[in-house]
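Every letter in the sequence shown is one number past the one before it in numbering that gives the first Met the number 0, and letter 272, counting from 1, is 271.
Here's the structure, in structure tokens; my notes come after.
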Amino acid sequence: MLPARAGRRARPGVVVPRGAPLDRFGLRDLLAEAAHGIGSRPARLLLTIVGTVLGIGSLVVTVGLAQTAAGQVARQFDAVAATQVVVEPATARSGDSQRTVGRIPWDVEDRLDRLAGVEQVGAVSTVDIGAATVSAVPVNDPSAPALTPPPVLATTPGLLDAVRGTIATGRSFDAGHDARADRVVVLGVRAAQRLGVFRVDRQPSIFIGERPYTVIGILGDVQRRSDLLDSVLLPVGTARADFALAGLEQAQVTIAVGAGAVVGEQAPIALDPATPEAVDVQVPPPPSAVRRDVQADINAIFLALGAVALLVGGLGIANVTLLSVRERVGEIGLRRALGATTRDVAQQFLVESVVIGLLGGLVGAAIGVLVVVAVSLAKEWTPILDEAAVVGSALLGGVIGLAAGTYPAVKAARIEPIAALRGTAT
0 MLPARAGRRA
10 RPGVVVPRGA
20 PLDRFGLRDL
30 LAEAAHGIGS
40 RPARLLLTIV
50 GTVLGIGSLV
60 VTVGLAQTAA
70 GQVARQFDAV
80 AATQVVVEPA
90 TARSGDSQRT
100 VGRIPWDVED
110 RLDRLAGVEQ
120 VGAVSTVDIG
130 AATVSAVPVN
140 DPSAPALTPP
150 PVLATTPGLL
160 DAVRGTIATG
170 RSFDAGHDAR
180 ADRVVVLGVR
190 AAQRLGVFRV
200 DRQPSIFIGE
210 RPYTVIGILG
220 DVQRRSDLLD
230 SVLLPVGTAR
240 ADFALAGLEQ
250 AQVTIAVGAG
260 AVVGEQAPIA
270 LDPATPEAVD
280 VQVPPPPSAV
290 RRDVQADINA
300 IFLALGAVAL
310 LVGGLGIANV
320 TLLSVRERVG
330 EIGLRRALGA
340 TTRDVAQQFL
350 VESVVIGLLG
360 GLVGAAIGVL
370 VVVAVSLAKE
380 WTPILDEAAV
390 VGSALLGGVI
400 GLAAGTYPAV
410 KAARIEPIAA
420 LRGTAT
């Protein structure tokens, strides 16, 4: 660890003979000394690099997987939420209460089906059955415990498709049932379990009050309006005839991705040309904005985890460099006695830390990229990696090494030659 051509360098208070060459501790000497210091302890070097590799690798993996996962989430979100439009009557506040000032027409499906970008339309409304009960048997048993009846909803024939629902068994009612006001119902799967109806091939009936209704289908699942799974569904025409249904509460519309702005502008006019403001239309945000918001949220979470991993790697470099300073006190003192300045000593330890950080950063970035690609292939995702983030992560290893090695380098530079040679430096 002796500096090249040591002993000829001018130091304060030392007189150099005229004509004697002044040797300088140049960049090549600095790199040679740093390489010797790093390579003299390969086992320790390996352990130190492992800490940095884990930190940088974690950062690349978290950023890469965050970007990849955000892309997948945004695509799935676009496929469901970005294709959903909800139409409701407008409301006005009077004092502490709200009142409905608009209405959804009964032929809402026909009116909205004509709009460009609209794929499916359905409407739903709560049915007031008064004090009537919903049961699977016509016998009223006074000794039986009172149970809260499942809610009864009136729906148009297109609602099931509009909410992306499926029928587990049987079928749904159609426009014919609605026009004839047939007494048929479709049960949500949880409502069917409460009523004890599990099959429809024998045409089971339920009773709303004293009126029998034939169960023709049982819902399996819905992607929107999960409350339908707990409800009894009957045609709007039947609800108008039997329970004097006054109006529709909500329309569910499935649209093509990106058609939200057009549908939001045209739907109120199609439903109520005279007073379009009497209808509220809730359209999804643009898909690009949704993707940015989702990706930003996921990136924030994963970057916090990567920062913790980097902190661990930086502390590892600082600890190992401090230990190296303590073990090399004698060498540092000898170098100082032979003419090395405090600057030379500090630069050497800084270069060693930076090189260790860069090595760890390069290896960690490479491993991180491989992990992101492997996970994406296993999940059948499209890997998304920002090249600038990968290169920046590798260089960040050098920055961490510089920051971690600053204090040990300053500590090494402050060691006095005589104290080091006496073995009293701390």
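Ideal placement from N, C-alpha and C gives every residue a C-beta, glycine not left out.
Use the C-beta contact count for PRO428: other C-beta atoms within 10 angstroms, 16 or more gives buried, fewer gives exposed. Outside the displayed span of the chain (0 to 425) sits residue 428, for which this structure offers no information.
Considering Cα atoms alone, identify which of GLY263, GLY157 and TRP105 is closest to ALA427. With the chain covering 0 to 425 only, the question about residue 427 has no answer from this structure.
Per-residue burial, GLY175 [other beta carbons within 10 Å of its own, 16 or more giving buried]: Taking the sequence shown and counting its residues from 1, one reaches residue 175 at position 176. Label assigned to GLY175: exposed.
For THR341, which residues in the same chain have their Cβ closer than 6 Å to its Cβ, ignoring the five residues on either side in sequence? One-based indexing of the sequence shown puts residue 341 at position 342. If we look at THR341 and ignore the five residues flanking it on each side, its Cβ neighbours are ALA412.
Roughly how many angstroms separate the alpha carbons of VAL374 and VAL126, rounded to a whole number? Position 375 of the sequence shown holds residue 374. Position 127 of the sequence shown holds residue 126. Spanning the two alpha carbons is a distance of roughly 50 Å.
By the three-class DSSP mapping on this structure, what secondary structure does LEU233 have? In the sequence shown, counting from the first residue as 1, residue 233 sits at position 234. If DSSP states are grouped into helix, strand and coil, LEU233 belongs with the strands.
Could you check the C-alpha separation between PRO275 and GLN281 for me, to the nearest Å? As a first step, residue 275 must be located in the sequence shown, where it is residue number 276. As a first step, residue 281 must be located in the sequence shown, where it is residue number 282. Between the C-alpha atoms of PRO275 and GLN281 there is a straight-line separation of about 14 Å.
Going along the chain, which residues of its own chain have a beta-carbon closer than 8 Å to the beta-carbon of VAL107, five neighbours each way excluded? If you number the sequence shown from 1, residue 107 lands on position 108. Residues VAL86, VAL120, ALA122, THR155, LEU247, ALA250 and LEU270 of the same chain have their beta carbon placed closer than 8 Å to that of VAL107, with the five preceding and five following residues left out of the count.
Helix, strand or coil for SER171, going by three-state DSSP, please let me know. Locating residue 171 in the sequence shown gives position 172, where the first residue counts as 1. DSSP, read as helix, strand or coil, puts SER171 in coil.
Counterpart residues of PHE206 in DSSP-defined beta bridges: Your numbering for residue 206 matches position 207 in the sequence shown. Per DSSP, SER134 and PRO211.
Could you spell out where the alpha helix (DSSP H) holding GLY400 opens and where it closes? What you label residue 400 is simply residue 401 of the sequence shown in a count that begins at 1. 386-412 is the extent of the alpha helix (DSSP H) around GLY400.
Rounded to the nearest angstrom, how far is the Cβ of PHE197 from that of ALA190, given a contact under 8 Å? Position 198 of the sequence shown, counted from the start, is the residue given in the question as residue 197. Position 191 of the sequence shown, counted from the start, is the residue given in the question as residue 190. Not confirmed; about 12 Å, so no contact.
Between ALA393 and LEU361, is the Cβ-Cβ spacing less than 8 Å? Position 394 of the sequence shown, counted from the first residue, corresponds to residue 393. Position 362 of the sequence shown, counted from the first residue, corresponds to residue 361. Yes, Cβ-Cβ distance for ALA393 and LEU361 is below 8 Å.
Report buried or exposed for LEU21, applying the criterion of at least 16 other Cβ atoms within 10 angstroms of its Cβ. Sequence index remark: in the sequence shown, residue 21 carries index 22 (1-based). Annotation note: pLDDT 46 at LEU21 (below 50); position unreliable, coordinate value reported separately. Residue environment analysis places LEU21 among the exposed positions, since fewer than 16 neighbouring C-beta atoms fall within 10 angstroms of its C-beta.
Count the other CB atoms, across all protein chains shown, that sit within 10 Å of the CB of ILE417; report buried if there are 16 or more and exposed otherwise. Counting from 1 along the sequence shown, the entry for residue 417 is found at position 418. Classified as exposed, ILE417 has fewer than 16 neighbouring CB atoms from the shown chains inside 10 Å of its CB.
Please say whether GLY164 and ASP220 have beta carbons closer to each other than 8 Å? In the sequence shown, residue 220 corresponds to position 221, counting from 1. In the sequence shown, residue 164 corresponds to position 165, counting from 1. Between ASP220 and GLY164, the CB-CB gap stays under 8 Å.
Pick from TYR212, ILE366 and GLN347 that is closest to ARG27, judged by C-alpha positions: Mapped onto the sequence shown, residue 27 falls at position 28. Nearest option by C-alpha distance: GLN347.
What residue does the alpha helix (DSSP H) around PRO267 start on, and which one ends it? Here residue 267 refers to the residue found at position 268 when the sequence shown is read from its first residue. For PRO267, the uninterrupted alpha helix (DSSP H) segment begins and ends at 259-270.
Could you pull the start and end residues of the alpha helix (DSSP H) that GLY338 belongs to? Numbered from 1 along the sequence shown, position 339 holds the residue referred to as residue 338. Taken as a continuous stretch (DSSP letters only), GLY338 belongs to no alpha helix (DSSP H), as it is neither H nor E.
For PHE104 and VAL235, I'd like the C-alpha separation in whole angstroms. Taking the sequence shown and counting its residues from 1, one reaches residue 104 at position 105. Taking the sequence shown and counting its residues from 1, one reaches residue 235 at position 236. According to the sequence as given, residue 104 is Pro; it is not Phe. Looking at the two C-alpha atoms, the distance is approximately 12 Å.
Using DSSP's beta-bridge definition, name the partner residues of SER124. Counting from 1 along the sequence shown, the entry for residue 124 is found at position 125. The partner list for SER124 (beta bridge, DSSP) reads ALA153.
Check for me: the beta strand (DSSP E) holding GLN249 runs from which residue to which? As a position in the sequence shown, residue 249 is number 250, starting the count at 1. Start and end: 249-254.
Close Cβ partners of ALA426 (< 7 Å) along its chain, the five nearest in sequence each way excluded: Past the edges of the chain, shown from 0 to 425, lies residue 426, and the structure says nothing about it.
To which residues does DSSP link GLN119 through a beta bridge? Locating residue 119 in the sequence shown gives position 120, counting from the first residue. Its beta-bridge partners are THR253.
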